[in-house]
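Worksheet: one structure, shown below.
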Amino acid sequence: MRLTQLRSFHAVATSGSFTAAARSLHVSQPTITTQVGQLETLYGVELFHRMGRRAVPTEMGERLLGLSRQMFDLEAEAVQLLRESGELRTGHLRVAAVGPSHVTRMLVSFNQCYPGIKVSVSTGNSQEVLARLANYSADVGVLAQVAQDSRFVSVPYSEHAVAISCSAQHRFAQRRSISIRELEGERLILREQGSTTRKAIETALQAAGVRPEVVMEIASREIIREAVLQNVGIAAVSEVEYVPGPGLRAVRLNDATVRTYAHVVCLAERQEGALVRAFIRCAQQGRPQAP
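Numbering-wise (my numbering), the sequence shown opens with residue 3 and increments by one.
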């Protein structure tokens with residue numbers, strides 16, 4: 003059985019005549035007659051009682067009509083789903099990010115533009131984000147560094163200064179800024195290896211010939227914040243990720259350019275996808291001005 007034969011049958015059964023069915027399908031009446039006749043001959047059944055210009059479904063025709071109605075209703079739903087998805091009125095976007103600081107603003111901007119799109123967000127380190135993009139479990143990623151991999155394309159989003167976070171009891175607490183050389187010998191809490199904030203401060207310290215005392219390496223932003231609050235040491239933190247609170251201070255470096263960045267990343271082969279392009283466009287439109 004061909005779908006065109008079933009479609010012709012359905013049109014006749016719902017319109018009540020071969021002529022009306024031909025008009026609805028924009029084909030000739032003999033074409034409809036031939037296709038319905040082929041269907042009846044193929045299975046040895048009678049689908050219509052021909053009553054002059056009218057065509058009334060037989061008992062078998064009524065049973066087949068019940069099935070064809072379900073099929074073509076589902077087809078209409080599929081067409082509507084695809085049309086709405088293409089117009090970005092429905093769909094599902096999966097975002098992987100290294101942290102909430104940068105991606106939250108992007109999500110707000112995207113939701114304002116496309117409120118009908120469901121968005122799910124997962125977090126992880128840079129390697130995990132790239133892995134999710136590579137295995138298609140995420141559509142776009144938000145990273146603090148450009149992926150040096152030809153499989154991916156990166157779009158700059160923002161840049162932020164790195165400050166020194168300290169407790170209110172620390173000697174830096176009453177200062178608005180300090181020299182990077184004042185970090186010599188200071189008890190320093192570092193992020194884990196691979197952190198872009200860690201890489202930025204280590205590069206600046208090395209360039210200045212400054213050697214602090216590294217007392218801890220911690221992967222969690224929240225634990226670092228608590229350790230600083232307890233005056234275990236000081237920490238470098240991107241200003242966009244700094245969470246102010248009682249007992250905490252953020253002090254800028256006045257003689258060193260230390261920055262972190264945010265990029266929107268996707269697989270090169272998927273950069274022309276409608277959802278991916280829409281997210282990148284919204285991110286760029288809502289991008290904060292560089293300091």
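Think of the CB as a built atom: it goes at the ideal place given N, C-alpha and C, for glycine as much as any other residue.
Nothing here was measured: the structure is a model prediction, and the numbers come from that model.
Output the boundary residues of the alpha helix (DSSP H) element that contains residue i.
i, result
"LEU277", "276 to 287"
"PRO246", "It is not in any alpha helix (DSSP H) - PRO246 carries neither H nor E in the DSSP assignment."
"GLN37", "31 to 45"
Tell me the DSSP secondary structure of residue i in three-state form.
i, result
"ALA24", "helix"
"GLY187", "coil"
"GLU241", "coil"
"PHE11", "helix"
"ALA221", "coil"
"GLU194", "coil"
"GLN216", "Reading off the sequence, residue 216 comes out as Val, not Gln. In this structure, VAL216 counts as strand in the three-state DSSP scheme."
"ALA175", "coil"
"ARG227", "helix"
"ARG200", "helix"
Determine whether the beta carbon atoms of residue i and residue j lie at a separation below 7 Å.
i, j, result
"ALA99", "VAL105", "yes"
"VAL212", "ARG183", "yes"
"VAL260", "ALA206", "yes"
"ALA280", "LEU84", "no"
"HIS265", "PRO158", "yes"
"THR262", "THR199", "yes"
"ALA202", "VAL148", "no"
"HIS162", "GLU274", "no"
"LEU8", "SER103", "no"
"VAL217", "ARG189", "yes"
"ASN233", "SER128", "no"
"SER167", "ASP257", "no"
"ILE34", "ALA22", "no"
"VAL267", "SER122", "no"
"ALA237", "ILE226", "yes"
"ALA221", "GLU194", "yes"
"LEU192", "GLU228", "no"
Work out the CA separation of residue j and residue i for me, nearest whole Å.
i, j, result
"LYS120", "ARG272", "19 Å"
"GLN171", "SER152", "48 Å"
"TYR45", "PRO32", "20 Å"
"THR60", "THR92", "41 Å"
"VAL47", "SER26", "25 Å"
"PHE20", "GLU79", "26 Å"
"LEU277", "GLY88", "9 Å"
"ARG177", "VAL253", "7 Å"
"THR6", "THR43", "15 Å"
"LEU66", "HIS28", "23 Å"
"MET108", "CYS115", "11 Å"
"HIS51", "GLN37", "16 Å"
"PRO293", "LEU76", "With a pLDDT of 46 at PRO293, under the threshold of 50, the predicted position of this residue should be treated as unreliable, though the coordinate-derived value follows. Taking the straight line from one Cα to the other gives about 53 Å."
"GLU215", "PHE112", "43 Å"
"SER10", "ARG96", "41 Å"
"SER54", "SER139", "The sequence given here has Gly at residue 54, not Ser. If you take the alpha carbons of GLY54 and SER139, they lie about 59 Å apart."
"GLY68", "THR16", "11 Å"
"ALA136", "LEU145", "14 Å"
"VAL295", "GLN40", "Because the chain is modelled from 3 through 293, residue 295 falls outside the range shown and cannot be assessed."
"LEU255", "GLY247", "20 Å"
"GLU269", "ARG283", "Checking the sequence, you will find Leu at residue 269 rather than Glu. Looking at the two C-alpha atoms, the distance is approximately 16 Å."
"GLY118", "HIS94", "9 Å"
"VAL110", "SER160", "16 Å"
Can you name the start and end residues of the beta strand (DSSP E) that residue i belongs to?
i, result
"TYR159", "154 to 169"
"ALA140", "Neither: ALA140 is in no beta strand (DSSP E) and is coded neither H nor E."
"VAL148", "Careful: VAL148 lies outside any beta strand (DSSP E) and carries neither H nor E."
"ARG52", "50 to 53"
Return the chain-ordered ranges of every beta strand (DSSP E) run that is complete within the segment 251 to 278 and spans a minimum of 3 residues. 261 to 269
Where are the alpha helix (DSSP H) runs, 4 residues long or more, that stay fully inside the segment 59 to 127, in chain order? 61 to 88 and 102 to 115
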